[in-house]
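See below for the structure under consideration.
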Amino acid sequence: MCEGSQIVVVEVNWEFSGDVTLEADCRGEAFTVESGESLLVERERDAESCRMRLFVAGEAAYDEDVPGYKRVTLTVGPDGEVDVEAVVH
Numbered sequence: 000m001c002e003g004s005q006i007v008v009v010e011v012n013w014e015f016s017g018d019v020t021l022e023a024d025c026r027g028e029a030f031t032v033e034s035g036e037s038l039l040v041e042r043e044r045d046a047e048s049c050r051m052r053l054f055v056a057g058e059a060a061y062d063e064d065v066p067g068y069k070r071v072t073l074t075v076g077p078d079g080e081v082d083v084e085a086v087v088h
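According to numbering that gives the first Met the number 0, the residues represented by the sequence shown are 0 to 88, in order.
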């Protein structure tokens, strides 16, 4: 996928009250996502891949090296369960 395309989106249901953190190795940082908010990580160059780890209430909920031809949406439900939707191009 090209520069500026989505690698991952994290959406947190407004009813969820725990901590949600996304670690993106390709950015060298961790992002906190509050209840009712979302976070988008875009590619900074064509076909960029990135290892993503999502922690929900301190527990690992998702861990994948997202390749340059894939985009992922992670939705944290009110109970903390994570729904994963992936699109491969």
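Using N, Cα and C, we set each Cβ at its ideal position, and we do this for glycine too.
For residue i, the nearest candidate out of the options (CA to CA)
| i | options | result |
| --- | --- | --- |
| V86 | T74, E2, I6 | I6 |
| R52 | S37, G76, F30, G67 | F30 |
| G79 | G3, A46, E10, D24 | E10 |
| P77 | E58, S16, G3 | S16 |
| A59 | D45, K69, T20, V65 | T20 |
| E28 | D18, E36, D45, V40 | V40 |
| R50 | P66, H88, L38 | P66 |
| S48 | V8, V81, R70, D18 | R70 |
| R26 | S34, N12, R42, D18 | R42 |
| E36 | S4, V81, D62, N12 | N12 |
N-terminal and C-terminal residue of the beta strand (DSSP E) that residue i is part of
| i | result |
| --- | --- |
| E84 | 81-87 |
| E10 | 5-11 |
Cβ-based burial, residue i [other Cβ within 10 Å; buried from 16]
| i | result |
| --- | --- |
| V1 | In the sequence under discussion, the amino acid at residue 1 is Cys, which differs from the Val named in the question. So C1 ends up on the exposed side. |
| L73 | buried |
| A23 | buried |
| V75 | buried |
| V32 | buried |
| V93 | Because the chain in this structure spans residues 0 to 88, residue 93 falls outside the shown range and cannot be described. |
Beta carbon proximity, residue i to chain B, threshold 8 Å
| i | result |
| --- | --- |
| W13 | The structure shown contains no chain B; it is built from a single protein chain. |
Exercise for the section: For the region 15-77, list the beta strand (DSSP E) runs that are entirely contained and at least 3 residues long, ordered along the chain. Expected result: 19-23, 28-31, 37-41, 49-55, 58-65, 69-75
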